[in-house]
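Just so we're aligned, residue 4 is where the sequence shown starts under our numbering, counting upward by one. We put the beta carbon where it would ideally sit given N, CA and C, even for glycine. Computed from a prediction, not measured in an experiment: that's the story for all the values here. Here is the structure we will look at, set down as structure tokens.
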Amino acid sequence: MQGEVISLPYASSFASESNEGGLELGQLLGTIRRRWLLIVGTTAVVTVGTFFWSITRPAQYQGQFQILVEPVTAESEVVSRATGDQKSVTDQDLGETQQASTLLDYSTQIEVLYSRKLLDPVVNRLQDTFPEITYDILRRKLQISRQSGSSQGQGRGEGADTTKILLFEYQSPNPEEVKQVSQDLSQTYVKYSLQERQTNLRRAIQFTDKQLPLLKAQVNQLELQLQQFRERNRLVDPEQLSQQVTSELGSFQQQLMSTQLELLQKKRLYASLQEQLQLQPDGVEASSVLSQAPDYRKLVEQLQELETQLEIESAQLTADHPVIIDLKSQRDRLLPLVAQRAKSTLGSNLYEKFGDATSLPYQNELRQALGQQLVDTALEVQALEARARGTEELTKTLETRVVQLPKIAREHEALERQLAIATDNLQGFMKTREELLISAARQEVPWELIEPPTQPGEVALADLPRDLSLGSFLGLILGLGLSILIDKASKTIHGVDELRSIAELPILGKIPLNGNLDESVVELGHPVEQLEVQGLSVSEEEYPLEGIGYGVSPFLEAFRSLSIQLQMLRPDSPIRSLVVSSSMPEEGKSTVASHLAKTAASMGKRVLLVDADLRVPSVHSLFSMEQRPGLSELTTMDFDLETVIQPSPHEEGLFVLTSGTQPSDPTRFLASQKMHALMDSFLDMFDLVIYDTPPLGLSETVLMSTLVDGLLLVTKLGLAKHSDLKETLDKLRQSRVSVLGFVANGVKTQASASSAYGKYMNG
């Protein structure tokens, strides 16, 4: 019995937030159709009001004057050339905006002329004669614009042909007021220009006088810093110093390389001489001195003879032989004499270095020459090493200086740049001060009143057709706006598109507005022969579609379309049972259910229409049947289905089960097990079972909807509210009720659409 339950998506319960507050073209056209009387009435009222306002307005008088606000001569340029500058301070208008050939920001200047600072004194003077004048009134009646360069001299604008002239216009119904206000304003503005320019000059001179001492102090400070920096780094020109240090560094590096090469050669010579002589320089000196002392040489020769004789005798005699002992005794006596003589010859310091002077070789002339060369070479090596160390230290010092030079040069350039900027600023301010003094001495002329206030003249009022056109347009806009506001405030669903945007569910049927909705179903249909009923069964033969031609109304054709749409929803699993309900009463659910049942039966199905609205039943009246016995009796008493279900006398295959006696608790009846069994029995006996239930605000409708294949929701356009429909959809979503779609009831058909299908409808 129960079909697949499809829960409503959340979007189906609430329309997209992006659509809320919007107004589509279709909705706008619908609003115009519904509220056309309000729109026409509002337009008419505003148009009539505009007409009376236009013809009853008092006459207006206008006065005007013109002021030249910038000089047109080359006087400023002449003074500028006299001071040696291209543009003087006067040409720069003391900071005003400069565009093309004009030096004045006209938009800002006009706003200044409208300010209370200038107009309040004028108002105070005028109130003695015209008490009704206030700042707001004067501001509203006064028009200031820039005069164009047209030949008539009356154009306004900010194009390339605009002049340096401001046009002042004042309108009022009182010509005396126009005359006096124009005169007072012209004098006030000319006086203001003189005061403003003199004030600007004085302020500029005061500013330069205040800045000059500061700039001079800054220049002096930077000059002192530059001087101290040069003294500290011993430089005048960083580039020249860099070249000098680099040149010196190269020279010292070359000297160091030459010294190191010469030192290497001398060390090699020293090593060669030392290897030949087997002596150090001190040994060479000592050996040379002893070799030239005859007394020492004589003693050494005696000692050598004793040593030789002792060696000979020792080879033949034993150590204790008297000869050996005597030779050793002589040698021992001679050794102290040799040492004493060597010490006296060499000196104590040199002697102490060698100890045994007898070990020093004898120096002949060749060895003496080689020894002297060794001593000289040792001295040269020492000198070269000292020179290399000094040269290397100077080279490192110069390398450090070279590394520091870029930083020193950068700091020097920064100081010079700061000094140049400060000097330029100082010179600029001094020149500016001179120009300001010249401008002040010239006593620059104020604005020039080139056209004095004219005699007030009557202003021609705008033509009546234009006023009426404007009034009609404003009335139309106002009427349309009021209509839209009323529609928005009512929150009523008026169109199918609006319903679709809120529900986001398929619109299965569009039932046109029909004046015969109150008539019974049998009167709206066409009679057919009554079928013989035996045990609520009908004959097995196919129902021919005789009499169901095109000769029907658009109202009945809409139900045929609805029936076909329901069949196409589930082609593989046909809908066998459904509930027809609405979100609120009086939306036509019972009529829709009855006509849908009749249409389905006319298309060859066995259809049972069950009036499950036990609270306010209406199906029996639509079919002109007895209300009792009905559904309530079947659920509480032992009635046979044949005696309760009534066949329609005018539609073959259509059967009706009325509500019966109204119970005290309809929900309990419809939720009973017997009701569930009856619903199963209905499916066994009929092709389609349609339940007409109460509106969805009652619990039994949701209960019934969960037991059938789906819910068909009827919505009456022009009656249903946004909030009610959204609340209903939210309730269905929470209950997981399968909603088949909507039936839009009361759709207003277009005349063009009806006429287009007229020949098909009428056969």
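Note down, in chain order, each residue of its chain lying with its Cβ closer than 7 Å to the Cβ of Glu226, except the 5 sequence neighbours on either side. Here the question's residue 226 lines up with position 223 in the sequence shown. For Glu226, where only same-chain residues beyond five positions count, the Cβ hits under 7 Å are Leu422.
Collapsed DSSP secondary structure at Ile35 in the structure displayed: Taking the first residue of the sequence shown as 1, we reach residue 35 at position 32. Correct three-state label for Ile35: helix.
Is the region 56–75 touching the region 507–517 in the sense that three or more CB pairs, one from each, lie closer than 8 Å? no
Kindly indicate the opening and closing residues of the beta strand (DSSP E) around Arg149. Translated into positions along the sequence shown, residue 149 becomes position 146. Taken as a continuous stretch (DSSP letters only), the beta strand (DSSP E) holding Arg149 covers Leu145 to Ser151.
Report the partner residues of Lys855 according to the DSSP bridge assignment. This structure does not reach residue 855, given that the chain is present from 4 up to 766, and the question cannot be answered.
Just the Cα atoms here: how many angstroms apart are Gln174 and Val125? For this step, residue 174 is matched to residue 171 along the sequence shown. For this step, residue 125 is matched to residue 122 along the sequence shown. If I take the Cα positions, the gap works out to 16 Å.
Beta-carbon gap between Ser597 and Leu625 smaller than 8 Å: On the sequence shown, position 594 is the one that residue 597 refers to. On the sequence shown, position 622 is the one that residue 625 refers to. Yes, these two residues count as a Cβ contact at 8 Å.
Which residues share a DSSP beta bridge with Glu451? By 1-based counting over the sequence shown, the position of residue 451 is 448. According to DSSP, Glu451 bridges with Leu71.
Measuring only the C-alpha atoms, how far is Lys219 from His415? Taking the first residue of the sequence shown as 1, we reach residue 219 at position 216. Taking the first residue of the sequence shown as 1, we reach residue 415 at position 412. C-alpha separation (whole angstroms): 20 Å.
Lys513 lies in the beta strand (DSSP E); which residues open and close that run? In the sequence shown, residue 513 corresponds to position 510, counting from 1. Start and end: Ile510 to Pro515.
So Thr166 is in the beta strand (DSSP E); what residue range does that whole segment cover? Here residue 166 is taken as the residue at index 163 of the sequence shown, counted from 1. That run of the beta strand (DSSP E) goes Thr165 to Ser175.
Taking the continuous beta strand (DSSP E) assigned at Phe2, which residues delimit it? Any answer about residue 2 is impossible in this case: the structure gives the chain only from 4 up to 766.
C-alpha gap between Ala747 and Leu471, whole angstroms: Residue mapping note: residue 747 aligns to position 744 of the sequence shown, counting from 1. Residue mapping note: residue 471 aligns to position 468 of the sequence shown, counting from 1. Taking the straight line joining both Cα atoms gives about 43 Å.
For Val742 and Leu714, which I take to be in contact (beta-carbon distance under 8 Å), what is that distance rounded to the nearest angstrom? Here residue 742 is taken as the residue at index 739 of the sequence shown, counted from 1. Here residue 714 is taken as the residue at index 711 of the sequence shown, counted from 1. Indeed they touch by this definition, with Cβ atoms about 5 Å apart.
Whose CA, out of Ser254, Gly393, Leu599 and Leu722, lies closest to the CA of Leu611? In the sequence shown, the residue the question calls residue 611 occupies position 608. Ranking Ser254, Gly393, Leu599 and Leu722 by Cα distance to Leu611 puts Leu599 first.
To the nearest angstrom, how far is it from the Cα of Arg503 to the Cα of Leu706? Locating residue 503 in the sequence shown gives position 500, where the first residue counts as 1. Locating residue 706 in the sequence shown gives position 703, where the first residue counts as 1. Going from the Cα of Arg503 to the Cα of Leu706 covers about 25 Å.
Is it right to say Asp521 is buried, meaning 16 or more other beta carbons lie within 10 angstroms of its own, or is it exposed? Position 518 of the sequence shown, counted from the start, is the residue given in the question as residue 521. Since pLDDT at Asp521 reaches only 45, below the 50 mark, its modelled position is unreliable, and no value is offered.
For Leu121, report the span of its alpha helix (DSSP H) as first-last. By one-based count along the sequence shown, residue 121 stands at place 118. That run of the alpha helix (DSSP H) goes Arg119 to Leu129.
Does the structure place the region 141–155 close enough to the region 118–132 that three or more beta carbon pairs sit under 8 Å? yes
Can you tell me whether Gln150 is buried or exposed, with buried defined as 16 or more other CB within 10 angstroms of its CB? Within the sequence shown, the letter at position 147 stands for residue 150. Gln150 should be labelled buried.
Using the three-state DSSP reduction, which class does Ile113 fall into: helix, strand or coil? Sequence index remark: in the sequence shown, residue 113 carries index 110 (1-based). Ile113 falls in the helix class under three-state DSSP.
In the DSSP assignment, what residue or residues form a beta bridge with Asp614? As a first step, residue 614 is located in the sequence shown; it is residue number 611 there, counting from the start. Answer by DSSP bridge pairing, in chain order: Asp695.
Counting C-beta neighbours from all protein chains within 10 Å, is the total for Ala417 16 or more, i.e. buried, or is it exposed? Taking the first residue of the sequence shown as position 1, residue 417 is located at position 414. Result: exposed.
Cutting at 7 Å between CB atoms, please list the residues of its own chain near Lys751, excluding the five before and the five after it. As a position in the sequence shown, residue 751 is number 748, starting the count at 1. Within the same chain, Lys751 has close Cβ partners Leu516.
Three-state secondary structure (DSSP) of Pro574: On the sequence shown, residue 574 is found 571 positions in, with the first residue counted as 1. DSSP places Pro574 in coil when its eight states are reduced to three.
In three-state DSSP terms, what is Ser556? Position 553 of the sequence shown, counting from 1, holds the residue named residue 556. Coil at Ser556, not helix or strand.
Going by beta carbon distance, what residues of the same chain come within less than 8 Å of Phe55, once the five residues before and after it are set aside? As a working note, residue 55 is residue 52 in the sequence shown. Closer than 8 Å at Cβ, skipping near neighbours: no residue.
Would you check if the distance between the CB atom of Thr403 and the CB atom of Leu259 is smaller than 8 Å? One-based indexing of the sequence shown puts residue 403 at position 400. One-based indexing of the sequence shown puts residue 259 at position 256. No, the pair does not count as a contact, with Cβ atoms beyond the cut-off.
Should Arg149 be flagged as near chain C, meaning a C-beta pair shorter than 8 Å? As a matter of chain content, chain C is missing from the structure shown, which is built from one protein chain.
Neighbourhood of Val184 by C-beta, 6 Å cutoff - its chain only, sequence neighbours within 5 removed: Residue 184 sits at position 181 when you count from the first residue of the sequence shown. Cβ neighbours of Val184 beyond the five flanking positions: Tyr173.
Is Pro456 helix, strand or coil when you go by DSSP? Stepping through the sequence shown from its first residue, residue 456 is reached at position 453. Here Pro456 sits in coil by DSSP.
Rounded straight-line distance, which links the Cα of Gly478 to that of Pro459: If you number the sequence shown from 1, residue 459 lands on position 456. If you number the sequence shown from 1, residue 478 lands on position 475. Near 35 Å, if we compare the C-alpha coordinates of Gly478 and Pro459.
Residues bridged to Gly66 [DSSP beta-bridge criterion]: As a first step, residue 66 must be located in the sequence shown, where it is residue number 63. Gly66 pairs with Tyr173.
As a quick exercise: from Gln231, His679, Asn177 and Lys399, pick the residue whose alpha carbon is nearest that of Gly638. Residue mapping note: residue 638 aligns to position 635 of the sequence shown, counting from 1. For the record, residue 638 in the displayed sequence is Thr; it is not Gly. The residue with the shortest Cα to Cα distance from Thr638 is His679.
So Thr45 packs on Leu485, CB below 8 Å; how close in whole Å? Residue mapping note: residue 45 aligns to position 42 of the sequence shown, counting from 1. Residue mapping note: residue 485 aligns to position 482 of the sequence shown, counting from 1. Their Cβ separation, rounded to whole angstroms, is 6 Å, which keeps Thr45 and Leu485 in contact under 8 Å.
Cβ of Pro650 within 8 Å of Cβ of Phe642? Translated into the one-based positions of the sequence shown, residue 650 becomes position 647. Translated into the one-based positions of the sequence shown, residue 642 becomes position 639. Not in contact: Pro650 and Phe642 (Cβ atoms no closer than 8 Å).
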